[in-house]
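Q:
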Amino acid sequence: MIKVEHLSKKYGDLAVLKDITVEIKKGEVISIIGPSGTGKSTFLRCLNLLDTPSGGSILIDGTDILAPNADVPKVRRKMNMVFQSFNLFSHLSVLENLTIGQIRLLGRSGKEAEQKARELLKLVGLAGKADSYPDELSGGQKQRVAIARCMAMDPEIILFDEPTSALDPTMVSEVLAVIRRLAKDGMTMAIVTHEMAFARDVSNRVLYLDEGLIYEEGTPRQIFEAPQREKTRAFINRIRSLNCRISSADYDLYALNAQIETFCEKQILPAKTRQDVLLLVEEVLLVYTPLLSVAPLDVRLSYSEKKESLELIFENTGDGDNPLDNKLLPDELGLTIINKLAESVDYRRVNDLNRLTLTIKKI
Amino acid sequence: MKKTILSIFFSLIAGFAARGDAGWNSLDDLAEGRIAVFSGTVHDAFVARKYPAAKLLRFDSTADMILSIKKDKVDVTLVDTISAAVIMKTNPELGVLQEDVLNMPVGVGFGKRAPELRKRFNRFLKEIRADGTYDAMFRRWCGGDPEAAVMPEIPESGGEEKYVLGVAVADLPYVAVMDGKYVGFDVEMIKRFAEREKFRMEIVSLEFPSLVTALASGKVDMITDGIAISEERSRMVDFSEPYMEFRTVALALKSKIAKFAGPAAAAPAEKSFVRKVADSFRSNIIVERRWLLILDGLRVTVVISIFSAILGTLLGALVCFMRLSKKKAASLPAGLFISILRGTPVLVLLMLVYYVVFASVNVNPVFVAIIAFGLNFAAYAAEIFRTGIEGVDKGQTEAGIAMGFTKTGTFIHIILPQMVRRILPVYKGEFISLVKNTSIVGYIAVQDLTKASDIIRSRTFDAFFPLVMVALLYFSISWLLLQSLEYLERVTDPKFKRKKAGSL
Chain A
1 MIKVEHLSKK
11 YGDLAVLKDI
21 TVEIKKGEVI
31 SIIGPSGTGK
41 STFLRCLNLL
51 DTPSGGSILI
61 DGTDILAPNA
71 DVPKVRRKMN
81 MVFQSFNLFS
91 HLSVLENLTI
101 GQIRLLGRSG
111 KEAEQKAREL
121 LKLVGLAGKA
131 DSYPDELSGG
141 QKQRVAIARC
151 MAMDPEIILF
161 DEPTSALDPT
171 MVSEVLAVIR
181 RLAKDGMTMA
191 IVTHEMAFAR
201 DVSNRVLYLD
211 EGLIYEEGTP
221 RQIFEAPQRE
231 KTRAFINRIR
241 SLNCRISSAD
251 YDLYALNAQI
261 ETFCEKQILP
271 AKTRQDVLLL
281 VEEVLLVYTP
291 LLSVAPLDVR
301 LSYSEKKESL
311 ELIFENTGDG
321 DNPLDNKLLP
331 DELGLTIINK
341 LAESVDYRRV
351 NDLNRLTLTI
361 KKI
Chain B
1001 MKKTILSIFF
1011 SLIAGFAARG
1021 DAGWNSLDDL
1031 AEGRIAVFSG
1041 TVHDAFVARK
1051 YPAAKLLRFD
1061 STADMILSIK
1071 KDKVDVTLVD
1081 TISAAVIMKT
1091 NPELGVLQED
1101 VLNMPVGVGF
1111 GKRAPELRKR
1121 FNRFLKEIRA
1131 DGTYDAMFRR
1141 WCGGDPEAAV
1151 MPEIPESGGE
1161 EKYVLGVAVA
1171 DLPYVAVMDG
1181 KYVGFDVEMI
1191 KRFAEREKFR
1201 MEIVSLEFPS
1211 LVTALASGKV
1221 DMITDGIAIS
1231 EERSRMVDFS
1241 EPYMEFRTVA
1251 LALKSKIAKF
1261 AGPAAAAPAE
1271 KSFVRKVADS
1281 FRSNIIVERR
1291 WLLILDGLRV
1301 TVVISIFSAI
1311 LGTLLGALVC
1321 FMRLSKKKAA
1331 SLPAGLFISI
1341 LRGTPVLVLL
1351 MLVYYVVFAS
1361 VNVNPVFVAI
1371 IAFGLNFAAY
1381 AAEIFRTGIE
1391 GVDKGQTEAG
1401 IAMGFTKTGT
1411 FIHIILPQMV
1421 RRILPVYKGE
1431 FISLVKNTSI
1441 VGYIAVQDLT
1451 KASDIIRSRT
1461 FDAFFPLVMV
1471 ALLYFSISWL
1481 LLQSLEYLER
1491 VTDPKFKRKK
1501 AGSL
């Protein structure tokens, strides 16, 4: 349906997209992932010409939309877009947001448009909000209205530009649920997202964008579990684990906690699990504090979706003693807490490194 | 430092004490006093030359000068003998300090480019002096009480020729407005001139100081209003043979003049407030059908306000789009337009448009006023619109375009309704200030509400009532016009419909 060939986009001297060639077929759900600043959004915006490509061609059902005589507004009606910042028309009610395009652009009667709008609002679970105004809705509700507004135009494809990035974590899932629903109904979609779990189970195909290219593409399984190329692997690992090094006793515990919290949120872990992890890290670090003057400590937190468990690994050099076995521990309380929170505690010496591994079950 | 302030303070007190001294005998006693003159007149130059130490206060209307004397804001004023008689009739507390302060010949001014008309006038003047018409006119206007004089009917001639006469409506006996018509010695004289020479005549009223300028720039063909023939004026325009002698007297409060000293005249019984207001109402509105002036002025003010707001809004929208354009060729001139227009006083702009841009075109001054105020309003409106457009977040434009609207369609359906709502509060304020700003159009011979009140004040010497009335009228105009904008504000409130539906 959409065929992109050698698409490029430059801002001045900065080449954001270098050479993108991809084909999107009807009914496909494509996730576009990659590090920030690699042109994922730009790619999407080039597709409907919100940004004008610097080179290449975009063929939609065989017609080149970059041709000078192309009727761009008409082409855009075939592929509506959902934005990160919702962009609802703030002077119109929810219902009018859904009908204005139908009436002005598709020539539907007011009655027809309203009926369609109400059906769609029911679909996204906001039938009761038809007469509200955008500033009276929560972020998640706004984004669901935005999706319904797209659907009202009967597009052949919907482009999602980071639809959940501007949302409170609590509202992410309601929006994702609506998108999942559309996917199940066979809607063709291209989604730029940072929600990896979502990307994995909703899409048929994942594009990993980096260096202005489609660096690697494949099924979700291929990309998330067996990435072939080096940068993809690094990216996937980075999402999966949190690494940091503590080199003195005066480390910033709050900054570390914030990192851990963000990581847990990304993995959509329950609040209870998050609390447990934070508490556990704090207690273990207390044990390690006297040792920090001798050698730096590496902390790694990773999450395995399959096992639904978190792994906390502490590594440092130094003599081969298990810090938790040390009889010099100030009191028994810390140790009790650690044993209670962790499902398993394992100490091992690997390649002259002391490695303490704790696992936590997702609750 | 402290010393200087103290000495200034003491000299002020000393000054007051000196003024409080019993009785002035002549103008010379006031060589360091406060002297009020009509700005731009020969008195202005005379006082500056003869009493350089005096504090010179320039006024634009006789009414204001009289009021200042009565309120002791000035000591003495210089006016024409016949005007003085009229003034003293309604203001018995004033008296003549000195007669024949300055006597000068009075003439009709003609443009230097058209000497023919002046020759014709001189011939006409000779004729009426010979056949007794002049004497009859002089008796009528300058002999007894000019206020009682009745302007004779002079048929208008329907000739091809047409000349414009500029007057300042300074006062009787020269030019005044009664029953909504121009009357006075000068008016009768020029009307007779027109009748005899068979040309049509139109009278426009200007500010006195701008009479000579208007003639020199060709806006009018002749000027008259008791204009003394002075050297400076003769350089700019040509004067006819003198048709009268202008005799100046110095007027002051009787209580301060030596010869009126003695037991004060019994003060007239104090009138009640209601009685006073009723009297003022009668003399300022009913007498001489002065409400006609007010009504005309009101109409002019409303017309200028509405049309310049419309012109300014349309032009402002155009300038705004040019300013927002990415092309330098469009945005640069627009930016320049805005900074120049906003950086110039609207009065200066008004005069420039009238005397420079339309100098050689005979154009209705109301039209000129609409253009000038429209231009000024456009500069402000353009910036108001720009903030309105930029205030609508860019994402909505993108959403509109992504949906399939054209750029224009997005603007009309998405941006415009939100912009209108955003800018209305500021726009309303700008509009009110436009309505009030139009009060300066008197400078280019437009008789608006303010000018009408000036003319009335020049006849009744009542400062309070006409000013308050005009203030109330301006307020009512602004309020009424605002209602329409407020209606717009209500219907553009997206929640208005729902509120309305909810209240049913």
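Sequence order for the protein chains is A and B. Per my numbering, the first sequence runs over residues 1 to 363. Per my numbering, the second sequence runs over residues 1001 to 1504. For every residue, glycine included, the Cβ atom is placed at its ideal position computed from N, Cα and C. Remember, it's a predicted structure, so these values are computed and weren't measured experimentally.
1. Would you list, in sequence order, the uninterrupted beta strand (DSSP E) runs of no fewer than 3 residues that lie entirely inside the segment 201-275 of chain A?
2. With distance defined between alpha-carbon atoms, name the residue in B:Thr-1062, B:Phe-1208, B:Leu-1473 and B:Leu-1030 nearest to Leu-1298 of chain B.
3. Check His-6 of chain A in the structure and name its three-state DSSP category.
4. For a minimum of 4 consecutive residues, which ranges assigned as the alpha helix (DSSP H) are wholly contained in the segment 1142-1200 of chain B?
5. Under a Cβ-count criterion, where at least 16 other Cβ atoms within 10 Å of its own Cβ denotes burial, should His-6 of chain A be classed as buried or exposed?
6. Give me the Cα-Cα distance between Gly-139 of chain A and Met-171 of chain A, rounded to the nearest whole angstrom.
7. What residues in its chain sit with their C-beta under 6 Å from that of Ser-344 of chain A, if we drop five residues either side in the sequence?
8. Does the Cβ of Pro-1173 of chain B have 16 or more other Cβ atoms within 10 Å, making it buried, or fewer, making it exposed?
9. Quick check: what's the CA-CA separation for Glu-1093 of chain B versus Leu-1424 of chain B?
10. If I'm right that Asp-1225 of chain B touches Val-1150 of chain B with Cβ under 8 Å, what's the distance once you round it to whole angstroms?
11. Going by alpha carbons, who is nearest to Leu-1102 of chain B out of B:Leu-1027, B:Gly-1040 and B:Arg-1034?
12. I think Met-196 of chain A touches Phe-160 of chain A, with their Cβ atoms under 8 Å apart; what is that distance to the nearest whole Å?
13. Could you confirm whether any beta carbon from chain A is found closer than 9 Å to the beta carbon of Gly-1388 of chain B?
14. What are the start and end residues of each continuous alpha helix (DSSP H) run of 4 or more residues lying completely inside the segment 135-182 of chain A, in chain order?
15. The beta strand (DSSP E) spanning Thr-1077 of chain B covers which residue range?
16. Tell me which residues share the same chain as Ala-1214 of chain B and place their Cβ nearer than 6 Å to its Cβ, disregarding the 5 neighbours each side in the sequence.
17. Which chain A residues sit within Cβ distance under 8 Å of Lys-1428 of chain B?
18. Terminal residues of the continuous beta strand (DSSP E) containing Thr-21 of chain A?
19. What does Lys-9 of chain A reach in chain B if we use C-beta pairs closer than 9 Å?
20. Taking only runs of the alpha helix (DSSP H) that begin and end inside the segment 21-88 of chain A, which ones reach a length of at least 4 residues, in chain order?
21. Tell me Ser-1255 of chain B's beta-bridge partners as DSSP assigns them.
22. Taking C-beta to C-beta, are Ala-148 of chain A and Ala-199 of chain A nearer than 9 Å?
23. Who are the near neighbours of Lys-142 of chain A in its chain, counting only those whose CB is closer than 8 Å to its CB and skipping five residues on each side?
24. Report the residue from A:Glu-282, A:Glu-305 and A:Gly-318 whose alpha carbon sits nearest the alpha carbon of Pro-296 of chain A.
25. By Cβ distance, which residues of its chain are closer than 6 Å to Ile-1285 of chain B, with the 5 residues on each side in sequence left out?
26. Could you check which residue in B:Val-1212, B:Gly-1388 and B:Gly-1218 has the C-alpha nearest to that of Ile-1229 of chain B?
27. Is there contact here, the segment 1072-1084 of chain B with the segment 1189-1208 of chain B, by at least three beta-carbon pairs under 8 Å?
28. Report the CB separation of Ala-1250 of chain B from Leu-1056 of chain B in whole angstroms; it is logged as a contact under 8 Å.
29. Taking 9 Å as the CB-CB limit, is Ile-1401 of chain B close to chain A?
30. Could you tell me whether the Cβ of Gly-101 of chain A comes closer than 9 Å to any Cβ of chain B?
31. Check each candidate in A:Ser-54, A:Asn-48 and A:Pro-35 and name the one with the smallest Cα separation from Asp-13 of chain A.
32. Residues in the segment 58-87 of chain A with C-beta within 8 Å of chain B's C-beta atoms, listed in sequence order?
33. Do you know offhand how far Tyr-1508 of chain B's Cα is from Tyr-1443 of chain B's?
34. Apart from the five residues on each side of it in sequence, which residues of its chain come closer than 6 Å, Cβ to Cβ, to Phe-1465 of chain B?
35. Are there 16 or more other CB atoms within 10 angstroms of the CB of Ala-1266 of chain B, so buried, or fewer, so exposed?
36. Using a Cβ-Cβ distance cut-off of 9 Å, determine whether Ala-404 of chain A contacts chain B.
A: Judging by the given coordinates:
1. 205-210, 213-218 and 241-246
2. B:Leu-1473
3. Strand, per DSSP.
4. Correct list: 1185-1197.
5. exposed
6. 7 Å
7. Thr-359
8. buried
9. 52 Å
10. Not quite, the Cβ-Cβ distance comes to about 20 Å (not below 8 Å), so this is no contact.
11. B:Leu-1027
12. At roughly 15 Å, the Cβ-Cβ gap does not stay under 8 Å, so Met-196 of chain A and Phe-160 of chain A are not in contact.
13. no
14. Taking only runs of at least 4 residues, the alpha helix (DSSP H) segments lying wholly in the segment 135-182 of chain A are 139-152.
15. Residues 1076-1080.
16. Gly-1166, Leu-1206 and Val-1220
17. None at all; the shortest Cβ gap to chain A is about 19 Å.
18. Per DSSP, Thr-21 of chain A belongs to the beta strand (DSSP E) from 14-24.
19. Those do not exist, as Lys-9 of chain A stays about 16 Å from chain B at its closest Cβ, beyond 9 Å.
20. 40-47 and 72-77
21. DSSP, once it has assigned bridges, lists no residue as partnering Ser-1255 of chain B.
22. no
23. Phe-86, Leu-88 and Pro-134
24. A:Gly-318
25. Trp-1291
26. B:Val-1212
27. no
28. The Cβ separation is near 14 Å, so there is no contact.
29. yes
30. yes
31. Nearest option by C-alpha distance: A:Ser-54.
32. Listed in sequence order: Pro-73, Lys-74, Arg-76, Arg-77, Asn-80, Met-81, Phe-83, Ser-85, Phe-86 and Asn-87.
33. Look at the range of chain B in this structure, 1001 to 1504, and you will see that residue 1508 of chain B is not part of it.
34. Short of 6 Å from the beta carbon of Phe-1465 of chain B, and not among the five residues preceding or following it, lie these beta carbons of its own chain, in chain order: Ser-1280 and Asn-1284.
35. At Ala-1266 of chain B the pLDDT is 49, less than 50, meaning the model places this residue with poor confidence and gives no usable figure here.
36. Since the first and last residues shown for chain A are 1 and 363, residue 404 of chain A lies out of range.
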